[in-house]
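The structure under discussion appears below in the form of structure tokens.
Number of protein chains: 2
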Amino acid sequence: MTGNEHEGSGVRQRRTKSVTRAEEIQKAEQRARRSQPDKPCHRPRDSLFSWSSGFDNFTGFVNWGFLLLGIGGIRLLLENFIKYGIRVDPRQWYFFLSGKNDGGKEHPSILLICYSVVPVMLCLLIEKGLAMDIMAHGPGMVFHVVNLIVMVLMPMVVIHVKESGFSLIGAMYVCMLYAILFLKLWSYVQVNMWCRLSAKSKTTSQGRMRRQSFSYTDLHSATDAKQNGGDSDETRHDINGGGKALVQYPDNLNLFDLYYYILAPTLCYELNFPRTQRIRKRFLIKRILEVLVGCQVVMSLFQQWMIPSVKNSLIPFSNMDVAKASERLLKLAIPNHLMWLCFFYLSFHSYLNLMGELLHFADRNFYCDWWNANNIDTFWRSWNMPVHRWAVRHLYIPVVEMGYSKTTASITVFFISAFFHEYLVSVPLKTFKIWAFMGMMGQIPLSVLSKYVEKHWGARSGNIVVWASLIIGQPLCIMMYYHDYVVTHFGETLLEDYSVV
Amino acid sequence: MTGNEHEGSGVRQRRTKSVTRAEEIQKAEQRARRSQPDKPCHRPRDSLFSWSSGFDNFTGFVNWGFLLLGIGGIRLLLENFIKYGIRVDPRQWYFFLSGKNDGGKEHPSILLICYSVVPVMLCLLIEKGLAMDIMAHGPGMVFHVVNLIVMVLMPMVVIHVKESGFSLIGAMYVCMLYAILFLKLWSYVQVNMWCRLSAKSKTTSQGRMRRQSFSYTDLHSATDAKQNGGDSDETRHDINGGGKALVQYPDNLNLFDLYYYILAPTLCYELNFPRTQRIRKRFLIKRILEVLVGCQVVMSLFQQWMIPSVKNSLIPFSNMDVAKASERLLKLAIPNHLMWLCFFYLSFHSYLNLMGELLHFADRNFYCDWWNANNIDTFWRSWNMPVHRWAVRHLYIPVVEMGYSKTTASITVFFISAFFHEYLVSVPLKTFKIWAFMGMMGQIPLSVLSKYVEKHWGARSGNIVVWASLIIGQPLCIMMYYHDYVVTHFGETLLEDYSVV
Chain G
1 MTGNEHEGSG VRQRRTKSVT RAEEIQKAEQ RARRSQPDKP CHRPRDSLFS WSSGFDNFTG
61 FVNWGFLLLG IGGIRLLLEN FIKYGIRVDP RQWYFFLSGK NDGGKEHPSI LLICYSVVPV
121 MLCLLIEKGL AMDIMAHGPG MVFHVVNLIV MVLMPMVVIH VKESGFSLIG AMYVCMLYAI
181 LFLKLWSYVQ VNMWCRLSAK SKTTSQGRMR RQSFSYTDLH SATDAKQNGG DSDETRHDIN
241 GGGKALVQYP DNLNLFDLYY YILAPTLCYE LNFPRTQRIR KRFLIKRILE VLVGCQVVMS
301 LFQQWMIPSV KNSLIPFSNM DVAKASERLL KLAIPNHLMW LCFFYLSFHS YLNLMGELLH
361 FADRNFYCDW WNANNIDTFW RSWNMPVHRW AVRHLYIPVV EMGYSKTTAS ITVFFISAFF
421 HEYLVSVPLK TFKIWAFMGM MGQIPLSVLS KYVEKHWGAR SGNIVVWASL IIGQPLCIMM
481 YYHDYVVTHF GETLLEDYSV V
Chain W
1 MTGNEHEGSG VRQRRTKSVT RAEEIQKAEQ RARRSQPDKP CHRPRDSLFS WSSGFDNFTG
61 FVNWGFLLLG IGGIRLLLEN FIKYGIRVDP RQWYFFLSGK NDGGKEHPSI LLICYSVVPV
121 MLCLLIEKGL AMDIMAHGPG MVFHVVNLIV MVLMPMVVIH VKESGFSLIG AMYVCMLYAI
181 LFLKLWSYVQ VNMWCRLSAK SKTTSQGRMR RQSFSYTDLH SATDAKQNGG DSDETRHDIN
241 GGGKALVQYP DNLNLFDLYY YILAPTLCYE LNFPRTQRIR KRFLIKRILE VLVGCQVVMS
301 LFQQWMIPSV KNSLIPFSNM DVAKASERLL KLAIPNHLMW LCFFYLSFHS YLNLMGELLH
361 FADRNFYCDW WNANNIDTFW RSWNMPVHRW AVRHLYIPVV EMGYSKTTAS ITVFFISAFF
421 HEYLVSVPLK TFKIWAFMGM MGQIPLSVLS KYVEKHWGAR SGNIVVWASL IIGQPLCIMM
481 YYHDYVVTHF GETLLEDYSV V
């Protein structure tokens, strides 16, 4: 933008000196000139874009940038309405949410949501059994693992069997629910195991000391635990809320505590969550409004903008027409990215804060400032704090404590994360390709690249690489999946039909 | 963006206090919790988008904005190439510059440029005559006015007569040249008049004193002036460059001085322009490269992007289809605005600095920081400094000195400015509509609006209004002219033909 002169500082200083001397001469000249009858109006000055002017206030161009962005957005909106008319259809939202397909008569999503109570209850029962020493540690863990694996496979099987009865979105959020339940129960089982082992080692060491005098310690502690387990949990929680007594294992093993945890906006189980004193009503109302309005906006963007863009990009993508496919990809990138931003705000700010406020849950650190992330790693560490915290507490640290290296632990975290990304996309689409998995794996070279850029080109460039990968990477994966989805489910003939139109 | 709570500061303080107390309690709780075996990882925190978090580092979103802008730009470019192919045609540039139309055999633009020497010479001759008292003040001024008016009408007549032989761009820059010459000669005549009057009042007062002793003072001063006028001007200028003697009236009335002024990047004549000591070669080479490359970029943008956009918007504009016309207008706005920005940089930074460097002209204040302008008035005062300075020195102040009010002076400046805008557009287009004139007049209500916005909504909003008027206003005028141009020159039938296609 500026016609800067990139010269050595020596030259610069010399020039500044000569400029000052020249300025002195010119000032004297100016004084002489000012007495002239021709009303002089010129004096030696540099243009603002010249390096030598030292001017650097270009804040107006930031407003310019956002204004151009706004104008571009309005134009795209107008173009969209002219081309496609109004595509927003409120009836479809009902189908989306109930998981009912156009032809189907059942509501399989709702049935699957109701079914999710079963593995939760099983998990609690196994824990109770373990706590009361009805069940040994080994078989208990086997039951837990089987229960969790069966749970995570359930939507895959149901969606595969009831193929025609499922809408895409309905299937997607059922998978999301089951994935979240899986992570939550994993944490629940692991934390209870830590407590049990800690209690056992305490009783063992106490027992070792006491065994010299008494011998019914073990029995006593077991009955003690049983009596405590029968206490009113609500009064306990009230006491905790007032900042006094803490719930101790195994008093926490009850339905109320477990469902509080399942509804709470976190994936990491704790016996005593930090609590807020009161529900802020204004805050709550704002979050409710945001969720209600925001969902409509996302749905409308999806129906009006995403679906036509994705459909239009099918042919160029299939024909490997690079110029047209790139143009389509970039056109898809904008609505997709806007939807993702809306979705992020809605889920991570509005919805999770809403749940937190309702449940007096005090830790609202659902996201850090990922928008300022200067490399991909920082982005992944900061955009989704519940999952990040889960991965560190329940996967990374345990793997390291088991004696493996930190690299192994990182790779494990990465693979589990990639698996769940694949699960959330492949199962609803019924297309078992590995694009999402590959997308996650692609983060590794991208991370190296972004760190290189950050180191050599500055933090700002690193931030731009992170944003670019977000804006371009997602629609690329979406296109690949949609292409394969159409090819697998409607055959190549449909593609040919399309290209005639 | 942020879910801020807009509440009274009293409420805010109370909340902060209660938050601190709650924090203390929660800290004590935290200490107790940290000793628990469940490895607690939660602590009370607010989400970053919540007002209460106090977080305000959203710099990453500035990068995001410019990245989205870049992606949108690349997509538009791709879309353009897919739709229109490559339209850049180097041969057409030759026609543009020579003013030769496809059918014509002459180079009327070049002829008109050569003819421009005639009024300049006439102007110098009249000045010489006035200085040597061959001509009286009154008739001299009449001659000047007639000369200038004939000059400004010349391109209008030639373009009207040789209608078919003129390309649009060729005609446009000839008009630009004649308009600049008009302003320059106006300044030249006025400054020489000031000097003459000042010299006369001096000689009259000196004469009154000397008349008592000698009586040939007047004759002496006239011959003295004549002798001085015959001096070598080059040596005089060198002396001036070294910061010593100043040129005095009427020594300045010679061809070298006049042509230095006509080539110099200013519209305000002075007898002794501030001069630089040396030509910075790196600076000069950069400016030359910018002019050469930049012209190609502007021409390519024009051929590849502007012409198709303008042509496409003709039908919706003619049919008064509001949605389509708006979409077209916004689509036209982007390339038009980019071209204007390139044009601004090329003319006001590259070209004028190039001329200034070559001519040792030291005052490079060709533009101020209009991009930060918070209202329309500031914008008009800062984007085009040569014209602004001319208007203040040669129109506003003289009108005020003649005894008129400042409002009258401002309106006079505005009307002359509006006339020249109209002249520069209507004459080359051969369409005498008043859209450009109305556009200039529309700046008055816009100025009131922008000042209101600046005062009530803050400086940033004022700046956005200025940018919006720039980005949207220009393409609107262009569309109106192009529509009328097509209707007048090709008739309504063509519009109908177009709409069939």
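If you're matching them up, the sequences are chains G and W in order. Under full-length UniProt numbering, the residues of the first sequence are numbered 1 to 501, in order. Under full-length UniProt numbering, the residues of the second sequence are numbered 1 to 501, in order. We treat Cβ as the ideally placed atom computed from N, Cα and C, and that holds for glycine. Please read these numbers as outputs of a predicted model, since none were measured by experiment.
Opposing strand residues paired with residue i [DSSP bridges]
{"i": "residue 363 (chain G)", "result": "W:45"}
{"i": "residue 275 (chain G)", "result": "G:361"}
Per-residue DSSP class, three states only, for residue i
{"i": "residue 469 (chain W)", "result": "helix"}
{"i": "residue 8 (chain G)", "result": "With a pLDDT of 43 at residue 8 (chain G), under the threshold of 50, the predicted position of this residue should be treated as unreliable, though the coordinate-derived value follows. Coil at residue 8 (chain G), not helix or strand."}
{"i": "residue 31 (chain G)", "result": "helix"}
{"i": "residue 87 (chain W)", "result": "coil"}
{"i": "residue 129 (chain G)", "result": "helix"}
{"i": "residue 518 (chain G)", "result": "Given that chain G is displayed from residue 1 to residue 501, the structure contains no residue 518 (chain G) and the question cannot be resolved."}
{"i": "residue 380 (chain W)", "result": "helix"}
{"i": "residue 240 (chain W)", "result": "The predicted position of residue 240 (chain W) is uncertain, since its pLDDT is 43 and thus under 50; a value taken from the coordinates is nonetheless stated next. Reduced to three states, the DSSP call for residue 240 (chain W) is helix."}
{"i": "residue 410 (chain G)", "result": "helix"}
{"i": "residue 289 (chain W)", "result": "helix"}
{"i": "residue 250 (chain G)", "result": "coil"}
{"i": "residue 204 (chain G)", "result": "helix"}
Proximal chain W residues relative to residue i, where beta-carbon distance stays under 7 Å
{"i": "residue 460 (chain G)", "result": "63"}
{"i": "residue 266 (chain G)", "result": "42"}
{"i": "residue 468 (chain G)", "result": "67"}
Residue i at chain W interface by Cβ criterion, 9 Å
{"i": "residue 75 (chain G)", "result": "yes"}
{"i": "residue 372 (chain G)", "result": "yes"}
{"i": "residue 136 (chain G)", "result": "no"}
{"i": "residue 326 (chain G)", "result": "yes"}
{"i": "residue 476 (chain G)", "result": "no"}
{"i": "residue 376 (chain G)", "result": "no"}
{"i": "residue 489 (chain G)", "result": "no"}
{"i": "residue 422 (chain G)", "result": "no"}
{"i": "residue 170 (chain G)", "result": "no"}
{"i": "residue 334 (chain G)", "result": "yes"}
{"i": "residue 140 (chain G)", "result": "no"}
{"i": "residue 284 (chain G)", "result": "no"}
Residue i at chain G interface by Cβ criterion, 9 Å
{"i": "residue 232 (chain W)", "result": "In this prediction, residue 232 (chain W) has a pLDDT of 36, which is less than 50 and means its spatial position is unreliable; what the coordinates show is noted afterwards. No, residue 232 (chain W) does not count as interfacial toward chain G."}
{"i": "residue 331 (chain W)", "result": "yes"}
{"i": "residue 381 (chain W)", "result": "no"}
{"i": "residue 292 (chain W)", "result": "no"}
{"i": "residue 457 (chain W)", "result": "no"}
{"i": "residue 276 (chain W)", "result": "yes"}
{"i": "residue 249 (chain W)", "result": "yes"}
{"i": "residue 197 (chain W)", "result": "yes"}
{"i": "residue 419 (chain W)", "result": "no"}
{"i": "residue 194 (chain W)", "result": "yes"}
{"i": "residue 144 (chain W)", "result": "no"}
Within chain G, the residues that residue i reaches when beta carbons sit closer than 9 Å
{"i": "residue 257 (chain W)", "result": "Chain G residues near residue 257 (chain W): none, gap ~12 Å exceeds 9 Å."}
{"i": "residue 270 (chain W)", "result": "33, 36, 38, 39, 40, 41 and 42"}
{"i": "residue 393 (chain W)", "result": "39 and 41"}
Contact set between residue i and chain G, taken where Cβ atoms lie within less than 8 Å
{"i": "residue 317 (chain W)", "result": "The premise fails here: residue 317 (chain W) is roughly 14 Å from chain G at the closest Cβ pair, so nothing lies under 8 Å."}
{"i": "residue 401 (chain W)", "result": "Per Cβ cutoff of 8 Å: no residues; residue 401 (chain W) is ~11 Å from chain G at best."}
{"i": "residue 323 (chain W)", "result": "78, 81 and 82"}
{"i": "residue 312 (chain W)", "result": "Per Cβ cutoff of 8 Å: no residues; residue 312 (chain W) is ~12 Å from chain G at best."}
{"i": "residue 86 (chain W)", "result": "Going along chain G, no residue has its Cβ under 8 Å from residue 86 (chain W), so there is no contact; the nearest lies around 12 Å."}
Beta-carbon neighbours of residue i, restricted to chain B and to distances below 8 Å
{"i": "residue 389 (chain W)", "result": "Of the protein chains in this structure, namely G and W, none is chain B."}
Closer than 7 Å at the beta carbon, the chain G residues around residue i
{"i": "residue 307 (chain W)", "result": "Here the premise fails: no neighbours, minimum Cβ distance about 19 Å."}
Interface residues of chain W facing residue i [CB-CB closer than 8 Å]
{"i": "residue 273 (chain G)", "result": "42"}
{"i": "residue 301 (chain G)", "result": "By Cβ distance, chain W contributes nothing, its closest Cβ being about 15 Å from residue 301 (chain G), past 8 Å."}
Neighbouring residues, chain W, relative to residue i (Cβ below 9 Å)
{"i": "residue 191 (chain G)", "result": "37, 38 and 39"}
According to a CB-to-CB cut-off of less than 8 Å, which residues of the stretch 41-60 of chain G neighbour chain W? 41, 42, 43, 44, 45, 46, 47, 48, 49, 50, 55, 57, 58, 59 and 60
What residues in the stretch 350-368 of chain G have a beta carbon less than 9 Å from any beta carbon of chain W? 350, 352, 353, 356, 361, 362, 363, 364, 365, 366, 367 and 368
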